[in-house]
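Enquirer: So that you can map any letter, position 492 of the sequence shown is 580 in my numbering, and since no number is skipped, the others follow by simple counting. Even glycine gets a Cβ: it sits at the ideal position worked out from N, Cα and C. Let me begin by handing over the structure; questions about it come next.
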Amino acid sequence: AVSYRRIEGIPGEWGTAVSVQTMVFGNMGDSSSTGVGFTCNPGTGENAFFGEFLENAQGEDVVAGIRTPHPINESSRNEQSKNLKSLEQLMPAAYKELAAIRAKLEKHYHDMLDIEFTIENGRLWMLQCRVGKRNGLAAVRMALDMQKEKLATREEAVMRVTPEQLDELLHPILDPKVELGTKPLGKGLPAGPGGAVGMIVFTAEEAVKWKKDGKNVILVREETNPEDVEGMRAAEAILTARGGMTSHAALVARGWGKCCVVGCADVKIDLKARTLHLGGATLKEGDWISLNGSRGFIYSGKMPLVEPGGTTMQMLGDFLKSCNSIRALKVWTNADTPADSLQARTYGAEGIGLFRIEHMFYGKGSDAALFQLRKMIMSKDLAERKAALNDLFPYMKSDLKATFKVMEGMHVTVRLMDPPLHEFVPQQKAKLEELGRALGISFEELEARANALHESNPMMGHRGVRLGITYPEITEMQARAIFEAAAELHKEGIKVFPDIMIPVVSLENEVKHQSEIIHRVYAEVLKQKGVKVKYMVGTMIEIPRACLMAGKLAETMEFFSFGTNDLTQMTFGYSRDDSGPFLAEYIKDKDKDDNPKMKIIPVDPFQTIDQDGVGELIKITVERGRKTRKDLKIGICGEQGGEPASVEFCHKVGLTYVSCSPFRVPIAILSAAQSQIRAPRKNKA
């Protein structure tokens, strides 16, 4: 219970509610039974009464998964219970009464309910009902169906789906093409969505341990119980030999949206030998298996995972349309490639809030551009540097053009070069020698130039706007690449709206200096190309001093974007790269012996905006910036831009948009819509 509360974010000080009620008995003979039902199918969301029961048994027997439960009706049948008689067949009068109560409850609560019942000597007793746990697919389907059937308003339907449930729809599945040609070892009940691949472990403790070591694991058990919850959370998926669709493993996994296959009776576990026997194969602890949690299949080995498509994506699209019609906060994306941009646009992103221009020098196909950049970095004088920049220019323009094209009709926020130059210097001797030959200098001289770039604290060193001021020709080349790429696309009938963002700013004169260069270059490109490009110049707010100077900065800047990763670093004085070990201790409320200890900080501030500190700086920035420039566009482009609590904070303080990685865009859209429902704001930013 303690672990479950922690995982679900339920405060320990809330206490535990206890209901005391008169007992009725489902183990009084063949005319008695006990069961669990759902007013809709919790695994698929289909509008069909679903449930399981056991004759002559008590409720714990159903949940424990020790005996194979019977279906309550035909729609509840599965591979395991296909030959067992249903409640509808064995006790038709009791089933008819139960089905009528199901309809009445759902009509009253306007939601899918989990109901528990007992039949004592032929008489039906309802024990309890509560909002039923469901996976992401079921949650979205139910929300859409209830809205369509007028059982829920658009707003109620949107509030029925949690960000975590929506995230499940984006989870990978086993590659259907590979799965089609692969024979499964066995089949159980499909209790949790999606696909999963991992190494076999047989205990919850091992699952936690292996996960900490960076290994993906699948927890294999006879059946699970509440003591296994930490291991279940750590595992990629859960496989049990016993239990039905209402067993402990199924209920917990479904609530988390975790891949799960239960009740595979052919699974034989030898805990002493640490082996699993299934389908004629013997698998050891540490061997790889793959699960299809949507169909219940178990495969040997490591199968490839792919993103979901088809009906799932259609439902996601329909649900996001409802969210989009409600939210006030815009949702943009952080993207560095055309592929990322297209993915985000598919999910509903309305623009790019962070295009890191230097990312063109990383990854596949970047060698030629990176070589030209290195030549520029190692140049000894202005003439040499300008020559290298001229060689680099076509690569940069081409890269920008590709992303602009994908984002036709939308804003693309291009952040000028941010990292310190030494990050791009090659470490391998062969690469340095090649660079020396291109520059016509000796290895020793090149090494001396590289050493001169070294900084003791590069995060606060010669980077961002400081590069543009010491080497204005670097800013000039980037601005020219942006404007020429946009102008050439305009001539092709493809409109784009570049927003140029200056990073690591702390002084008013820094943005004045850089914006003058940008506006001058635009005038030159306009004269050369004869095409007007609508653009804006803004700054990234990532240094506390910039927050305090927001009013002054807004005199020159047309938009602000909070770089919350660096702003958090500088506000707390924590290094994002090195704070992991002590931050983990700060967040814990138990010591290594599981004794209570003081929690220093409630959440990781690099994952969720620290509203008391960083949040106050954001509020000051918004207030002072808009006092100077009423129409100032303000966004956030740190990874917190896709985290639900942070999105709600951004909505409340009046930001124009949040920007996050492509796969967090749907989560941000839902969070923005739910924030508007909870705390409506008039302006649509």
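According to the Cβ coordinates, are Phe531 and Ile465 closer than 8 Å?
Expert: no
Enquirer: Ignoring anything shorter than 3 residues, give me the beta strand (DSSP E) runs that lie fully in the region 488–513, in order along the chain.
Expert: 499–503
Enquirer: Near Lys299, what residues of its chain come up, given a Cβ to Cβ distance below 8 Å and the 5 sequence neighbours on each side ignored?
Expert: Val305, Ala322, Ala323, listed in sequence order.
Enquirer: Suppose contacts are defined by Cβ-Cβ distances below 8 Å. Is Val502 in contact with Ile414 by that definition?
Expert: No. Outside cutoff.
Enquirer: Under a three-way DSSP split, which group does Asp255 fall into?
Expert: In the structure shown, Asp255 sits in a helix (DSSP, three-state: H, G or I).
Enquirer: Rounded to the nearest angstrom, what separates Cys688 and Phe660 at their Cα positions?
Expert: Per the sequence shown, residue 688 should be read as Ile rather than Cys. Straight-line Cα distance between these residues: approximately 13 Å.
Enquirer: Kindly list the residues whose CB is nearer than 7 Å to the CB of Pro684, restricted to its own chain and excluding five residues on each side of it in sequence; keep chain order.
Expert: Hits under 7 Å: Asp677, Lys678.
Enquirer: On a Cα-Cα basis, can you pick out the residue from Arg229, Ala575, Tyr623 that is closest to Leu614?
Expert: Closest option to Leu614, judged by alpha-carbon separation, among Arg229, Ala575, Tyr623: Ala575.
Enquirer: Which parts of the region 245–298 are runs of the alpha helix (DSSP H), unbroken and 4 residues or longer, counting only runs that do not cross its ends?
Expert: 251–256, 264–268
Enquirer: Identify, in the order they occur along the chain, each residue of the same chain with its Cβ nearer than 7 Å to the Cβ of Met505, setting aside the five sequence neighbours on each side.
Expert: Ile445, Glu446, Leu555, Ile562, Gln566
Enquirer: For Ile780, which of Pro732, His739, Glu731, Ala733 has the nearest alpha-carbon?
Expert: Any property of residue 780 remains undetermined from this structure, which presents the chain solely from 89 to 773.
Enquirer: Buried or exposed for Ala361, please, with buried defined as at least 16 other CB atoms from any protein chain shown within 10 angstroms of its CB.
Expert: exposed
Enquirer: Is the region 270–285 touching the region 344–359, taking contact as three or more C-beta pairs under 8 Å?
Expert: Taking 8 Å as the limit for Cβ pairs, the verdict is that the region 344–359 does touch the region 270–285.
Enquirer: Please report the Cβ distance between Ala145 and Asn115, rounded to the nearest whole angstrom; I am assuming they are in contact, meaning their Cβ atoms lie under 8 Å.
Expert: 6 Å
Enquirer: Here's a check: name, in chain order, each residue in its chain whose Cβ is nearer than 7 Å to the Cβ of Pro507, leaving out the five neighbours to either side.
Expert: Glu446, Arg551
Enquirer: In whole angstroms, what separates the C-alpha of Met230 from that of Arg248?
Expert: 9 Å
Enquirer: Helix, strand or coil, according to DSSP, for Val613 in the structure here?
Expert: helix
Enquirer: Per DSSP, which residues does Ser747 bridge with? Please list them.
Expert: Trp420
Enquirer: Phe571 lies in the alpha helix (DSSP H); which residues open and close that run?
Expert: 560–579
Enquirer: Residues bridged to Glu143 by DSSP?
Expert: Ser121
Enquirer: Of the choices Gly618, Ile629, Glu646, whose alpha-carbon is the least far from that of Ser603?
Expert: Cα-wise, what sits closest to Ser603 is Glu646.
Enquirer: Between which two residues does the alpha helix (DSSP H) harbouring Pro586 extend?
Expert: Counting along the chain, Pro586 falls outside any alpha helix (DSSP H), though it belongs to the beta strand (DSSP E) covering 585–590.
Enquirer: Could you check what DSSP says for Val619 in three-state terms: helix, strand or coil?
Expert: coil
Enquirer: Can you give me the C-alpha to C-alpha distance between Leu779 and Val691, rounded to a whole angstrom?
Expert: Any property of residue 779 remains undetermined from this structure, which presents the chain solely from 89 to 773.
Enquirer: If contacts are defined as beta-carbon pairs under 8 Å, then Ile154 and Leu273 qualify, I think. What distance do you get, rounded to the angstrom?
Expert: Not really, about 24 Å apart at Cβ, beyond 8 Å.
Enquirer: Return yes when the Cβ of Ile557 is within less than 8 Å of the Cβ of His601, no when it is not.
Expert: yes
Enquirer: For the alpha helix (DSSP H) containing Arg766, name the first residue and the last one.
Expert: Per DSSP, the continuous alpha helix (DSSP H) segment holding Arg766 begins and ends at 753–766.
Enquirer: Relative to the alpha-carbon of Ile261, which residue among Ala353, Tyr483, Gly398, Phe459 has its alpha-carbon at the smallest distance?
Expert: Gly398
Enquirer: Quick one: measure Cβ to Cβ for Leu225 and Pro754, integer angstroms, because I've assumed they're closer than 8 Å.
Expert: Not confirmed; about 14 Å, so no contact.
Enquirer: Between Glu244 and His198, which are expected to be in contact by the criterion C-beta below 8 Å, what is the C-beta distance as a whole number of angstroms?
Expert: Contact flag correct, Cβ pair sits at about 7 Å.
Enquirer: Could you tell me the alpha carbon to alpha carbon distance between Met547 and Leu671, rounded to whole angstroms?
Expert: 20 Å
Enquirer: Give me the residue from Asn545, Leu520, Ala526, Val553 with the minimum Cα distance to Ala538.
Expert: Leu520
Enquirer: For Gln699, name the three-state secondary structure that DSSP assigns.
Expert: coil
Enquirer: Using CA coordinates, which residue listed in Trp102, Ile529, Thr156, Gly147 is at the minimum distance from Ser120?
Expert: Gly147
Enquirer: Helix, strand or coil, according to DSSP, for Thr241 in the structure here?
Expert: coil
Enquirer: Whose C-alpha, out of His542, Gly405, Gln177, Val702, is nearest the C-alpha of Leu232?
Expert: Ranking His542, Gly405, Gln177, Val702 by Cα distance to Leu232 puts Gly405 first.
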